[in-house]
Amino acid sequence: MKHIVLTGGGTAGHVTPNIAMIPRLKELGYKISYIGSYEGIEKKLIEELGIPYYGISSGKLRRYFDVKNFTDPFRVLKGFMEAKKLMKELKPDVVFSKGGFVTVPVVIAASRKKIPTFIHESDMTPGLANKICIPFATKVCCNFPETVSQLPADKAVLTGTPIRQELLTGSKENGLKFTGFSSNKPVILIIGGSLGATAVNQAVRAILPNLLQDFQVVHLCGKGKLDENLKDTKGYVQYEYIKKELADLFALADIVISRAGANAICELSALNKPNLLIPLSARASRGDQILNARSFEHLGYSKVLEEEEITNESLLDAVYDLYKNRETYITAMSSSRHKNSIEQIVQLFEKAVN
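Each residue of the sequence shown is one higher than the one before, starting from 2 at the first, in the working numbering.
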């Protein structure tokens, strides 16, 4: 039986593409194991799926001063010893890494054991963990055409990002039932990421009375970010987080306002949903969301409004312009070549295993 080890952790974005791969891997008869950190978000997500989970020690590699910089190298070293031991015990045929610092020891240990190792970079510019892993990888799968030129020519493969196939099966009727909305007014879906985006939430709520004249609004606002004052507002529903009904809400939405995390925007593109991206500002991140958003804007998939540019007027203009020109965005996304990322990546595994 073919055996694959999946690894990735630290944020949901480093886990969901791995989860998206699992049904196809099972169909092809792979035995699946997962290596993550002792108590990261990935542990709960993977154990819920009944996949054998192995925790290893994980440290963060920082580019700035922090007291933990003195202890974390020892954690990384311990993680490497544990990963080496797991490679010996599990004897996988192939390893797939989705990034995050926990993957560094796993990729290096697999490479030392001559196990074919594939890594995936969702963002336009590789993060630090993946940068360290690239020399040890067999191939590097990436999401943006612009990333290919930043990678070794013999390793780069443009695949797009694996997305959860169940998102493609939503029902507009179920979405209407779930929200209690009417079918005669268009719907805007607002997604602030798994933690919610305070800046996006505030900006949307500031123009809500204007939006509700022409739209109905579904607002996924993040844990602890509900606004009690808006609870009974007609045509507006808010949820901290949605799991099961997300596909139906996507099916219901005519346009989407979202952060520009790589997984989120790939899901929007796969679903052909016209979208307004408000990337996380460079002050609060390494600026990768801005690069992601600009790439999708350049391809004609998205409209972009940076956080610093938001006023009530600019946001309203952007929403109405997006809705008016929605067919143009749908046409551009429909012609994207990255609709079968899972299949492309799995073919790489099959080639290596056989």
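Idealized CB from N, CA, C, for every residue including glycine.
These figures come from a predicted structure and were not determined experimentally.
query, result
"In terms of DSSP beta bridges, what is A157 paired with?", "V141"
"Is the beta carbon of H4 less than 8 Å from the beta carbon of K27?", "no"
"To the nearest angstrom, report how far apart V108 and E147 are at their CA atoms.", "24 Å"
"A252 to K274, Cα distance in whole Å?", "9 Å"
"Using the beta-carbon count (16 or more within 10 Å), is K304 buried or exposed?", "buried"
"For M22, name the three-state secondary structure that DSSP assigns.", "helix"
"Using 8 Å for Cβ pairs, my map puts L50 next to V16. What's the rounded Cβ distance?", "The pair is not a contact, with the Cβ atoms about 10 Å apart (cut-off 8 Å)."
"From the beta carbon of S150, is the nearest beta carbon of chain D less than 8 Å away?", "The question asks about chain D, but that chain is absent: this structure has only one protein chain."
"Any contact of the region 117-133 with the region 287-295, i.e. 3+ C-beta pairs under 8 Å?", "yes"
"At which residue ranges does the region 201-258 contain complete alpha helix (DSSP H) runs of 4 or more residues, listed in the order of the chain?", "209-215, 247-253"
"For T104 versus A138, is the C-beta distance shorter than 8 Å?", "no"
"Could you tell me if K245 is buried or exposed, where buried requires 16 or more neighbouring beta carbons within 10 angstroms of its beta carbon?", "exposed"
"Could you spell out where the alpha helix (DSSP H) holding A343 opens and where it closes?", "A quick correction: the sequence has Ile, not Ala, at residue 343. Looking at the DSSP string, the run of the alpha helix (DSSP H) that includes I343 is 342-354."
"Do you know whose CA, among A207, Q166, Q217, lies nearest V188's CA?", "Q217"
"Please classify S59: does DSSP put it in a helix, a strand, or coil?", "coil"
"If you drop the 5 nearest sequence neighbours on each side, which residues of the same chain put their C-beta closer than 6 Å to that of D94?", "K3, H4, V354"
"Look up V77 in the DSSP assignment and say whether it is helix, strand or coil.", "helix"
"Looking at the unbroken beta strand (DSSP E) that takes in I311, where does it start and where does it end?", "First-last for I311: undefined, no H or E at that position."
"Do the region 205-214 and the region 233-249 meet, that is, are 3 or more Cβ pairs less than 8 Å apart?", "yes"
"If you drop the 5 nearest sequence neighbours on each side, which residues of the same chain put their C-beta closer than 8 Å to that of M22?", "L7, F97, P163, I343, I346, V347"
"Where does N276 fall in DSSP's three states?", "strand"
"Starting from E122 and walking both ways along the alpha helix (DSSP H), at which residues does that stretch end?", "Unbroken run through E122 is the beta strand (DSSP E), 118-122; no alpha helix (DSSP H)."
"Using only CA atoms, which one of D215, P117, L190 lies nearest to S259?", "L190"
"Below 6 Å CB to CB, which residues in the same chain sit around I52 once its five sequence neighbours on both sides are set aside?", "I33, Y35"
"Within this structure, are the beta carbons of A333 and G301 separated by less than 8 Å?", "yes"
"Note down the Cα distance separating P136 from A110, rounded to an integer number of angstroms.", "13 Å"
"Quick one: give me the first and last residue of the beta strand (DSSP E) that Y35 is part of.", "32-38"
"Just to confirm, are G101 and G161 a CB contact at a threshold of 8 Å?", "no"
"What would DSSP say about S337, mapped onto helix, strand or coil?", "coil"
"Note down the Cα distance separating K92 from K99, rounded to an integer number of angstroms.", "20 Å"
"Contact check, G80 vs I57 under 8 Å by CB: the rounded distance?", "5 Å"
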